[in-house]
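Reading through the structure tokens given below for one structure.
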Amino acid sequence: MTKVPLPYDPKGEPIKEQVPYNGATFFTTTWKVPESVTYKGKIIYVHGFCEHSDIYTQFFDDLSQNGYEVFFFDQRGAGDTSPGKDAGKTDEFHTFDDLNFMIKRNLDARTDKSEKFILGGHSMGGGIVLNYAINGKYRDEFKAVFCSGPLVLLHPKTRPNILVRALQPVINLLVPTLKIDSKLTYDYITSNEDWKNFIKSSDKKLIGTIRQFNDMFVRGEKLTQKEYVADFSPTIRLLVLHGDIDYINDIEGSKKFISVLPDTVKHEFVPVEGGRHSLFNERKELYDDTLSRVLKFLNEEA
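Note that UniProt numbering has the sequence shown beginning at 1, numbered continuously upward.
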């Protein structure tokens with residue numbers, strides 16, 4: 001398929017870097033706040049399954065134009081960090097070890113060493129950031145977490161069949177690097193045709209390893225367990241957004257997570273009516289509403 005042009009013309013220009021760590025070269029993107037705009041804070045953002053930086057061009061440009069610097073990296077197993085045969089090659093240890101490295105790198109670069117950051121994420125990345133607020137190494141360095149369509153539970157329309165799901169832990173032990181096609185449906189991602197066509201043309205096949213899938217699902221299911229979620233940091237404010245017709249990650253999973261969240265956590269849960277999976281790539285009226293809700297949340301303590 002011929003690559004479709006990016007359906008958005010950004011006002012800013014991101015800074016691209018290559019950062020080596022632990023056997024991988026990470027492709028990073030930083031959206032700086034314009035000099036004419038008051039700096040309000042820094043966001044470290046964790047992407048979803050098989051995503052890359054271009055998908056977030058509009059969202060990150062809008063955040064930076066509103067005072068929030070954004071740091072993003074193509075994770076191990078995804079994007080330009082792990083093309084070709086390396087796609088999908090990651091696991092629970094590397095997921096959080098790599099994130100710790102990137103967080104520490106940004107913390108060390110602060111001019112104000114007392115500044116606390118904001119952690120954001122989508123889908124698989126949403127599940128990662130929710131877990132990070134529970135047991136992340138540097139969780140005390142964050143004042144807020146926001147996420148969209150977090151992977152807590154897969155929607156029945158996307159969920160692997162019962163046999164494959166039951167066998168995954170066994171396959172994970174025997175052949176963890178075996179690759180399988182996620183068979184995600186692009187129509188489930190967004191109702192914005194321009195973004196959908198861009199994602200179709202720019203994405204590699206949505207393939208991951210058995211180990212990657214198994215770790216994602218286990219990580220999400222832990223977020224439904226009250227004893228586990230009890231350790232969510234009470235000093236981190238939380239915003240969870242989820243499209244009510246998300247057929248990739250089930251909104252019922254987010255509701256279950258919210259139901260076991262301790263009362264000590266200041267939080268907001270927003271079901272987005274008519275929203276599909278990728279709210280930051282949705283059609284204009286949904287995107288504008290989602291962006292407005294995120295900025296309102298961030299500005300409360302800017």
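The C-beta atom is built at its ideal place from N, Cα and C for all residues, glycine as well.
Residue burial classification, residue i (beta-carbon count within 10 angstroms, cutoff 16)
i	result
S36	exposed
Y188	buried
Y247	buried
T177	Any reading at T177 is ruled out, since the residue's pLDDT is 48, under 50, leaving its predicted position unreliable.
E51	buried
A24	buried
N161	Note that N161 scores a pLDDT of 42, beneath 50, so its modelled location is shaky; the value from the coordinates is reported in the next line. That one is exposed.
V218	exposed
S123	buried
I15	exposed
K296	exposed
D98	buried
N299	exposed
R110	exposed
Y287	buried
T95	buried
D112	exposed
K137	exposed
K256	buried
Residue i vs residue j beta-carbon contact at 8 angstroms
i	j	result
S148	G127	no
H47	T190	no
residue 309	L119	Past the edges of the chain, shown from 1 to 302, lies residue 309, and the structure says nothing about it.
T264	L279	no
V229	V270	no
V272	I258	no
T30	V19	no
S254	P150	yes
N131	W195	no
Y45	F72	yes
E92	D215	yes
I245	G275	yes
Cβ-based neighbour list, residue i, same chain, cut-off 8 angstroms, excluding 5 preceding and 5 following
i	result
E141	I103, L107, K116, F117
F101	Y21, N22
P262	V229, A230, F232, P234
R293	L239, L241, V270
Own chain partners of residue i with C-beta closer than 6 angstroms, once the 5 adjacent residues on each side are dropped
i	result
E69	K32, V33, K42
R237	A144, K266
S233	A133, R139
K222	Y228
V129	V46, L119, G121, V145, C147
E285	none
Close beta carbons around residue i, own chain, < 7 angstroms, minus the five adjacent residues each side
i	result
Q65	K11, G12, P34, V37
L6	D54, T57, F198
N135	D231
E17	T28
D62	L291
Y8	T57, Q58
N192	N281, E282, R283
E252	L153
Could I get the ranges of all uninterrupted alpha helix (DSSP H) runs contained in the stretch 269-299, with 4 residues as the minimum, in chain order?
284-299
Completely contained alpha helix (DSSP H) runs for the stretch 70-139, where each covers 4 or more residues:
Every unbroken stretch of the alpha helix (DSSP H) spanning 4 or more residues and falling wholly within the stretch 70-139 is given here in chain order: 92-108, 124-135.
Runs of 4 residues minimum, wholly inside the stretch 35-75: which ones carry the alpha helix (DSSP H) assignment?
57-65
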